[in-house]
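Protein chains in written order, with numbering that gives the first Met the number 0: chain D, 0 to 297; chain L, 0 to 351; chain R, 0 to 433.
Glycine included, each C-beta is placed from N, C-alpha and C at the ideal position.
What follows is a short report on a single structure.
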Amino acid sequence: MNFFFEVLIGGLLSGVMYALVAIGFVLIYKASGVFNFAQGAMVYFAALTCVGVMDKLGVSLWIALPITVAVMIVLGLAIERVVLRPLVNQPEITLFMATIGLAFFIEGLAQLMFGAQVRKLELPIEDVPSQYLMDNYNILVSQFDIMAAAVCGLLVTTLALLFSKTRVGRALRAVADDHQAALAVGIPLQRIWAVLWAVAGIVALVAGLLWGARNGVQFALTFVALKALPVLILGGFTSMPGAIVGGLVIGASEKLAEVYIGPLVGGGIEGWFPYVLALLFLLVRPEGLFGEKIIRRI
Amino acid sequence: MLYREAGQFKTSYQADGQIFPILQDRIALLAMLAVAVVAVPLLASPYVLSAILIPFLIFSLAALGLNILTGYAGQLSLGTAAFMAVGAFASYNFILRIPGLPVLLAFVLGGLSAALVGIAFGLPSLRIRGFYLAAATLATQFFVVWCLTKIPYLTNYSTSGVITAQPIVILGYAFDTPDRKYLLVLAVVAVMALLAKNMIRSNVGRSWMAVRDMDVAAEVIGFRLMRTKLLAFAVSSFYCGVAGALYAYAYLGTVEPEAYNLDLSFRILFMIIIGGVGSVLGSFLGAAFIVLLPVLLNVVAHSLALPTSVASNLELMVFGALIIFFLIVEPHGLARLWQIGKEKLRLWPFPH
Amino acid sequence: MKRLASIIACITLAASGAAIAQPADQYIALPSYRVGPYAAGGSGFYGGIIDYFNLVNLSGGVNGVKISWEECETEYNPSRGVECYERLKTKNGGATLVEPLSTGVAYGILDRLAVDKIPMTMIGYGRSDAANGKVFPYVFPLITSYWNQAAAMIKYLGDKEGGMAKLKGKKIVHLYHDSAFGKEPLPVLEALAKQHGFELIKIPVTPPGSEQQSQWLQIRQARPDHVILWGWGSMNAVAIKTAQRNGFPREKILGVWWAGSEEDTVPTGDAAKGYSAMTFNTPGNYPVLDEIRKKLYDAGKGNMSDPARIGSVYHMRGVSAAILWVEAIRTAQEKFGKGKRITGEQMRWGLENLNVDEARQKAIGAFGMLPVVKTSCDDHEGSGAVKVQQWDGKKWNAITPNWIVGDKALTRKLLEESSAAYAAEKKITPACAK
Chain D
0 MNFFFEVLIG GLLSGVMYAL VAIGFVLIYK ASGVFNFAQG AMVYFAALTC VGVMDKLGVS
60 LWIALPITVA VMIVLGLAIE RVVLRPLVNQ PEITLFMATI GLAFFIEGLA QLMFGAQVRK
120 LELPIEDVPS QYLMDNYNIL VSQFDIMAAA VCGLLVTTLA LLFSKTRVGR ALRAVADDHQ
180 AALAVGIPLQ RIWAVLWAVA GIVALVAGLL WGARNGVQFA LTFVALKALP VLILGGFTSM
240 PGAIVGGLVI GASEKLAEVY IGPLVGGGIE GWFPYVLALL FLLVRPEGLF GEKIIRRI
Chain L
0 MLYREAGQFK TSYQADGQIF PILQDRIALL AMLAVAVVAV PLLASPYVLS AILIPFLIFS
60 LAALGLNILT GYAGQLSLGT AAFMAVGAFA SYNFILRIPG LPVLLAFVLG GLSAALVGIA
120 FGLPSLRIRG FYLAAATLAT QFFVVWCLTK IPYLTNYSTS GVITAQPIVI LGYAFDTPDR
180 KYLLVLAVVA VMALLAKNMI RSNVGRSWMA VRDMDVAAEV IGFRLMRTKL LAFAVSSFYC
240 GVAGALYAYA YLGTVEPEAY NLDLSFRILF MIIIGGVGSV LGSFLGAAFI VLLPVLLNVV
300 AHSLALPTSV ASNLELMVFG ALIIFFLIVE PHGLARLWQI GKEKLRLWPF PH
Chain R
0 MKRLASIIAC ITLAASGAAI AQPADQYIAL PSYRVGPYAA GGSGFYGGII DYFNLVNLSG
60 GVNGVKISWE ECETEYNPSR GVECYERLKT KNGGATLVEP LSTGVAYGIL DRLAVDKIPM
120 TMIGYGRSDA ANGKVFPYVF PLITSYWNQA AAMIKYLGDK EGGMAKLKGK KIVHLYHDSA
180 FGKEPLPVLE ALAKQHGFEL IKIPVTPPGS EQQSQWLQIR QARPDHVILW GWGSMNAVAI
240 KTAQRNGFPR EKILGVWWAG SEEDTVPTGD AAKGYSAMTF NTPGNYPVLD EIRKKLYDAG
300 KGNMSDPARI GSVYHMRGVS AAILWVEAIR TAQEKFGKGK RITGEQMRWG LENLNVDEAR
360 QKAIGAFGML PVVKTSCDDH EGSGAVKVQQ WDGKKWNAIT PNWIVGDKAL TRKLLEESSA
420 AYAAEKKITP ACAK
């Protein structure tokens with residue numbers, strides 16, 4: 000029974016990590032309708048910039064962080080200006096393709112600037128099983144994962160507060176609701192989108208730091224974005240709590256399936272199981288758990 | 000002045016409804032085919048034949064398949080490579096287990112197997128649309144490749160899970176040199192492209208386009224959505240399956256399931272976006288662009304004597320930047336540029 | 000039509016023959032990868048190769064014939080690899096050797112080699128049955144193939160337990176990259192499991208393997224005595240970290256040599272201490288590496304951007320590969336003409352008649368860096384020996400003083416069966432090439 004809980008909790012915590020990346024997607028999709036495929040590349044770029052700055056300038060993590068934040072903000076502004084503004088009224092698929100092109104560009108840029116070797120990223124918390132839980136409950140859970148879950152919760156709370164309590168947040172929500180109406184009441188659309196991409200960049204940085212500390216900063220970080228897709232489908236593309244719930248469900252079910260069903264069919268089902276699960280879910284509820292109901296008019 | 004319809008009168012419905020109504024177009028197409036069939040095998044080096052033209056043709060076929068599904072029927076799909084894999088492995092198994100089966104028939108059977116898989120995984124399209132459908136097709140991609148890796152029967156119990164394509168022999172004539180393979184691939188692609196073009200102009204194609212534009216309205220006026228969408232998946236997967244079989248038999252030779260991974264699906268999606276969504280010519284133009292661009296970048300980088308790591312990273316960056324550039328400048332792709340060119344040519348030498 | 004074609008062909012041939020004089024350089028094609036998920040390994044390996052080539056060229060090349068090469072970015076993609084091969088093979092008078100460092104690309108090129116008469120080496124990877132030179136005359140899985148590596152792993156684990164008989168009843172997990180690469184050693188492992196009575200538990204990891212929590216939980220539940228990590232790329236660092244996260248002792252993990260480099264251990268921080276992996280190079284410093292440092296990097300002519308990587312696992316692998324090739328060129332020149340550029344066929348002969356023994360290694364300045372490599376028509380592998388190295392947190396140290404060889408009789412039997420099946424499928428009559 001203990002083992003089952005270990006698998007479940009481990010799964011839930013991995014799910015939180017997926018949700019971290021998914022939040023970046025939701026942010027951008029909610030406010031501008033763009034499905035930002037480059038989010039994975041941004042996660043990689045952020046993590047690589049952080050360790051790259053630490054290596055090249057020889058500074059500690061706490062000094063490299065603000066520098067990286069600045070870089071991500073500049074990147075966000077550049078993306079909005081160069082890629083999105085010229086494509087403003089194009090169909091969704093064109094914008095999607097543009098973000099794929101952007102992903103390639105950012106990956107190449109990151110490797111050009113900092114080199115392709117795998118790098119170590121050390122955060123103050125070590126990735127070992129929590130002694131406390133081990134001793135008292137005989138359950139093995141990594142203390143790093145617990146911290147990551149806490150960070151994720153903090154991030155979501157901050158974003159939720161940003162959206163509901165500040166002026167910028169209100170403007171973001173207005174833009175998400177209706178671009179034209181927002182323009183009509185005088186909200187500067189371009190500036191809001193620039194803020195949006197900068198915030199998405201910072202979210203990518205947080206995700207990049209946690210994933211990089213977990214797995215090492217390497218090219219495979221870009222593939223984490225793919226895992227975020229079933230999370231988004233389950234949770235709905237436009238909902239942040241949906242991203243969290245989706246992440247938890249996907250993480251837990253993926254691990255449970257791999258451990259209990261996997262050996263029966265030869266293993267390795269983790270690759271497609273979240274997608275098939277999301278697919279089956281969609282057949283029942285096409286807009287996801289918390290997504291907006293799609294109304295189509297003729 | 001040269002490209003004019005003046006003087007070309009159609010006297011029958013058949014003549015009016017042909018694919019290339021303008022005589023100059025027909026002449027140009029026949030000339031191009033003549034060059035492709037006669038001159039190219041004679042003059043092109045084996046490198047150009049086997050590393051540029053054959054993959055170009057195979058990818059055009061796959062891009063055509065995806066264009067039918069995404070461009071004409073409006074169902075966004077990221078699982079193209081999976082259908083190609085089904086085609087390749089199915090053809091391999093048919094030739095292996097039915098001795099004496101003609102190779103072309105094996106390709107057709109491989110395509111039909113891919114079509115069946117396409118119908119199975121196209122069922123969700125009846126409930127889901129847009130990005131959600133794209134994510135659902137990702138399920139296809141990962142699941143199919145997983146199946147091919149896990150079921151040893153499909154790779155003939157090969158220890159490392161790869162299949163070695165049997166030599167292509169048709170009526171005793173072996174297709175083993177680059178120019179013979181090229182001609183075989185050219186023939187298959189030409190025939191299937193013609194079929195696709197005709198299918199698109201027919202009732203079937205119109206039903207697809209109606210579904211693409213507004214499927215609710217299409218259903219209202221009487222199109223059977225299930226039949227239309229599943230037919231689109233079936234035909235598209237058939238094309239991708241044949242392309243996949245050709246990829247294994249006429250290009251790589253030995254192939255593992257990982258060769259048909261997500262990266263390949265994205266490449267084919269790029270091809271139709273850059274070439275032009277919803278256009279047969281666009282599939283070919285896009286395939287040419289995607290096949291030639293890395294080669295070109297590689298050659299340019301080499302001639303500038305850049306260190307290889309810098310050159311490789313610049314390649315990625317240039318690729319991404321070019322895609323964005325293309326989407327900004329001409330979102331309907333190269334085919335639209337071609338169309339604009341043709342329209343200007345009709346007025347030439349007059350400006351308007 | 001045929002006559003016209005042949006006339007045109009004759010004219011073109013004559014023109015090309017007259018225009019291009021026979022080049023003096025020995026040209027080798029290197030379809031490499033320096034971007035993408037495996038770039039770190041690629042840059043180290045090809046860096047090592049090019050460094051050794053430059054070193055040899057500094058002293059005038061092989062009997063006066065300098066080595067030239069050209070790289071082409073494959074991004075570890077089979078389709079691009081084939082395109083690179085086709086483009087590079089006819090340049091500079093024709094390539095005389097190719098090494099793609101990728102199983103996918105190697106498979107794509109395999110069928111073209113005999114037609115183009117260009118030998119291909121697969122240093123420490125690729126299909127193990129290619130060691131049978133009668134069926135694969137142009138393919139050389141040099142030093143040690145995957146099957147022999149797996150057999151040696153079991154031998155090492157058996158020795159660790161106190162003898163092969165002690166393996167009976169033990170549990171060994173094979174944690175593998177779920178692809179052709181990961182499944183390659185299964186026939187050997189399963190045969191040895193039956194033979195020695197240990198339980199083999201197979202746990203696949205979906206590529207690229209960035210999430211392995213469920214696999215390691217399963218491992219923890221199974222409580223195995225050893226874990227064989229047969230991974231590649233990002234899967235390795237993730238495996239080590241996940242093992243740490245689940246409290247599994249790294250001393251019990253033995254990695255394949257694509258999971259045993261600095262690129263795999265450094266990013267894990269302290270987690271990899273005690274982790275061991277297979278290698279076909281003895282870690283340490285060698286005179287040849289010192290020469291590379293002095294003559295190339297100090298003069299600014301080194302290929303890698305970070306000179307600290309000299310002597311790293313991938314760099315040494317590249318240097319070993321280049322050493323074997325240069326020895327093959329030398330051997331071929333002894334037979335076909337010293338001081339002359341040799342053709343692909345002659346290079347093939349050179350690779351088939353390699354004898355890099357200890358005396359030769361001493362002369363090169365690489366004594367002990369790699370095992371003795373002696374090839375023949377029946378044995379395109381040449382060695383089959385391995386060592387085990389362990390990571391101490393800062394560098395790799397060899398923990399087996401001598402070279403280990405596994406059950407070669409078993410692997411030979413499997414090899415013959417597998418290559419016979421391939422020959423039957425491709426309708427090849429096995430025979431030694433001239």
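Return the CA-CA distance between residue i and residue j, expressed in angstroms with no decimal places.
i, j, result
"Pro65/D", "Thr93/D", "34 Å"
"Gln110/D", "Leu281/D", "37 Å"
"Arg335/L", "Ala133/L", "25 Å"
"Phe174/L", "Tyr181/L", "9 Å"
"Cys376/R", "Lys116/R", "16 Å"
"Tyr12/L", "Pro20/L", "11 Å"
"Leu291/L", "Phe318/L", "11 Å"
"Ser157/L", "Leu225/D", "30 Å"
"Arg223/L", "Trp207/L", "11 Å"
"Pro99/R", "Pro330/L", "38 Å"
"Ala408/R", "Val258/D", "37 Å"
"Val52/D", "Ala63/D", "6 Å"
"Gln217/D", "Leu19/D", "18 Å"
"Gln21/R", "Tyr84/R", "Any answer about Gln21/R is weak, because its pLDDT of 46 lies below 50 and its placement is not dependable; what the coordinates show is given next. Each residue's Cα considered, the two are about 21 Å apart."
"Ser58/R", "Asn76/R", "36 Å"
When burial is assigned at 16 or more other CB atoms within 10 Å of the CB, is residue i buried or exposed?
i, result
"Trp257/R", "buried"
"Pro30/R", "buried"
"Ile49/R", "buried"
"Thr69/L", "buried"
"Leu278/D", "buried"
"Tyr152/L", "exposed"
"Leu125/L", "exposed"
"Ala33/L", "exposed"
Do you know whose CA, among the options, lies nearest residue i's CA?
i, options, result
"Phe237/L", "Lys9/L, Ala80/L, Leu41/L", "Ala80/L"
"Glu257/L", "Pro40/L, Ala35/L, Leu48/L, Val85/L", "Val85/L"
"Ile352/L", "Leu22/L, Met31/L, Ile26/L, Ser76/L", "Residue coverage of chain L in this structure runs from 0 to 351, which leaves residue 352/L outside it and unanswerable."
"Ala30/D", "Ile243/D, Asn214/D, Ile191/D, Ser252/D", "Ile191/D"
"Glu290/R", "Asn56/R, Arg33/R, Gly259/R, Glu98/R", "Asn56/R"
"Ala173/D", "Leu195/D, Val155/D, Gly152/D", "Leu195/D"
"Gly215/D", "Ala271/R, Leu253/R, Tyr51/R", "Ala271/R"
"Phe269/L", "Phe130/L, Phe55/L, Leu193/L, Ile322/L", "Ile322/L"
"Leu193/L", "Ala5/L, Leu137/L, Ala135/L, Gln17/L", "Gln17/L"
"Gly117/L", "Val102/L, Gly204/L, Pro177/L, Ala138/L", "Ala138/L"
"Val254/L", "Trp402/R, Ser67/R, Leu109/R, Gly46/R", "Leu109/R"
"Tyr231/R", "Asp378/R, Arg340/R, Leu174/R", "Going by the sequence as given, residue 231/R is Trp instead of Tyr. Nearest option by C-alpha distance: Leu174/R."
"Ala94/R", "Gly80/R, Pro140/R, Val237/R, Asp24/R", "Asp24/R"
Is residue i close to chain C? Criterion is C-beta to C-beta, closer than 8 Å.
i, result
"Gly319/L", "In the structure shown, chain C cannot be found, because the protein chains are D, L and R."
Run the proximity test for residue i: is its beta-carbon closer than 7 Å to any non-hydrogen atom belonging to the ligand ADP?
i, result
"Phe141/L", "Among the components of this structure there are no ligands whatsoever, and the ligand ADP is therefore not found."
Residues, ordered as in the chain, of the segment 299-330 of chain R that lie near chain D by beta-carbon distance below 9 Å | Ser304, Asp305, Arg308
Name, going along the chain, the residues of the segment 143-158 of chain L whose beta-carbon falls closer than 7 Å to a beta-carbon of chain D.
-> Trp145, Lys149
Can you give, in chain order, each stretch of the beta strand (DSSP E) that sits fully within the segment 65-134 of chain R and has at least 3 residues?
-> 66-72
Quick one, which residues of the segment 106-134 of chain R are near chain L if we go by CB-CB under 8 Å, in chain order?
-> From the segment 106-134 of chain R, only Tyr106, Gly107, Leu109, Asp110, Arg111, Arg126 have a Cβ closer than 8 Å to chain L.
Proximal residues, the segment 17-51 of chain L versus chain R, C-beta separation under 7 Å = Leu41, Tyr46, Ser49, Ala50
Taking a cut of 7 Å between CB atoms, which residues from the segment 13-32 of chain D lie near chain L?
-> none
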